[in-house]
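The sequence shown lines up with residues 3 to 384 when you count with this note's numbering. Single-structure report; data block below.
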Amino acid sequence: MPLPAGVYRADHVGSFLRPKAILETREKVESQAATAEDLRKVEDEHIATVVREQIENGLQSVTDGEYRREWFHIDFLQHLAGVEKRGHVASTNVTSHGQTPPRLVVVGKLGHPNAIQVDDFNYVNQQVEAVKASSQTVTTKVCIPSPTMVYFRSGRDGIDADAYPTLEPLFDDIAKAYQAELDDLYAAGCRFVQLDDTNLAYLCDEGMSKEAAQRHGKTPAELTQQCVDIINASISKRPKDMTIGIHLCRGNFRSQWFAQGGYEPVAETLFKGLNVDVYFLEFDDARSGDFSPLRHLPEDKIVVLGVMSSKKAELDDKKAMIERLNEAAGYCPRGLDQLCLSHQCGFSSTKEGNDLTVEEQWAKVRLEVEIAKQVWGDDLSQ
């Protein structure tokens, strides 16, 4: 069975370390010493470079490195009508840096007044076409936050009661907004969209799961099903030739994490109930548990196994990574044929980035490609 279009044996979650020039220009915009147009010009220049670097280092799924974002989710979601950023998320699980993400609140009827990612997709796609060889297979991937990121961390208190006395109409409006965005992206030529979701992963963490249950007044199992239902509704109208992936993230801020716990609490609903084509899953250390939840994986789905680490500077052990892949394959109905390889998350889910250098980042990417070719052969699209 072939891989879904746009999925490769050596894949990645999407973000790369931000160039200093982008960070400096962003600070100037915040202090009104530069304009948003100035920032976009700098971003364009460096996105063109990171597109070339991804292809040169062996990747075939190419993104903009998330260079236009401070946070993986906020920059997208605040473009939806009715959504604002206010304060920060309250949680007992914080990093050693003492920070939690900004808090999103729904202050009015949620809508999708304009395409959010189309201009960004078009620019990356133009760069891909300019750089890749005619014989190369390269896919421009768009990464957007999961629909659950709109409401989950704030709960009922973060949703305006006048706009939404009950939550079902909000969930309907979220789905309609995502349907519209996917329509716009498809019309622009996009054929691969990745949804980035922390909430299903946080439901695997005992402490954070209890917090969520108290915040929403539902059991963790009910919340898991609710998340799956909202995502399914949001992607229900996507064309058959648009691949949808989902990345489950336990936090990735300056090489720190927020949540821990194996996938077992959500696994059966996640794999059998969620209508995506491919799962990008963290398995880089003991926080993620063992591979046994993969026994729920249907035969027609793929897991991009994040056994390599973007959090540390040193290279992963090649032999150990191959052993991990083979161990995971033992739980999958079709074995290694259902697996691909990646790092557990991106290299820079926020503008700060993880604690490694650009050179170390690309060395890790090259090693990943090398391992994938040793396991699956030179054609990483098969």
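Every residue gets a Cβ at the ideal spot worked out from N, C-alpha and C, and that includes glycine.
Counting only residues of its own chain and dropping the five nearest sequence neighbours on each side, GLN181 has a CB closer than 6 Å to the CB of LYS239. Non-local beta-carbon contacts of ASP318 in its own chain, meaning distances under 8 Å to residues more than five positions away in sequence, involve VAL309, MET310, SER311, LYS366, LEU369 in chain order. Within the region 210 to 271, complete alpha helix (DSSP H) segments of at least 4 residues are found at 222 to 236, given in chain order. Secondary-structure assignment with DSSP links LYS87 through a beta bridge to LEU106. VAL130 places its beta carbon 8 Å or farther from that of THR139. Three or more beta-carbon pairs drawn from the region 15 to 22 and the region 338 to 354 are found closer than 8 Å, and the two stretches are therefore classed as touching. For GLU284, no alpha helix (DSSP H) encloses it; the enclosing beta strand (DSSP E) starts and ends at 280 to 284.
Contact between ILE176 and VAL152 is confirmed by a C-beta separation of about 5 Å, below the 8 Å threshold.
Scanning ALA179, ILE246, ILE248, VAL268 for the CA closest to the CA of THR221 turns up VAL268. In the three-state DSSP reduction, PHE123 falls in the helix class (H, G or I). For the pair of segments examined, the region 47 to 58 was found not to touch the region 329 to 336: the number of CB pairs separated by less than 8 Å stays below three. Between ILE233 and LEU272, the gap from beta carbon to beta carbon reaches 8 Å or more.
Looking at CYS192, MET210, PHE194, ARG20, the one whose alpha-carbon comes closest to that of THR200 is MET210. The Cβ atoms of THR245 and ALA7 lie closer than 8 Å to each other. With respect to ALA179, HIS114 sits close: the two C-beta atoms are nearer than 8 Å. For LYS178, the secondary structure class from DSSP, reduced to helix, strand or coil, is helix.
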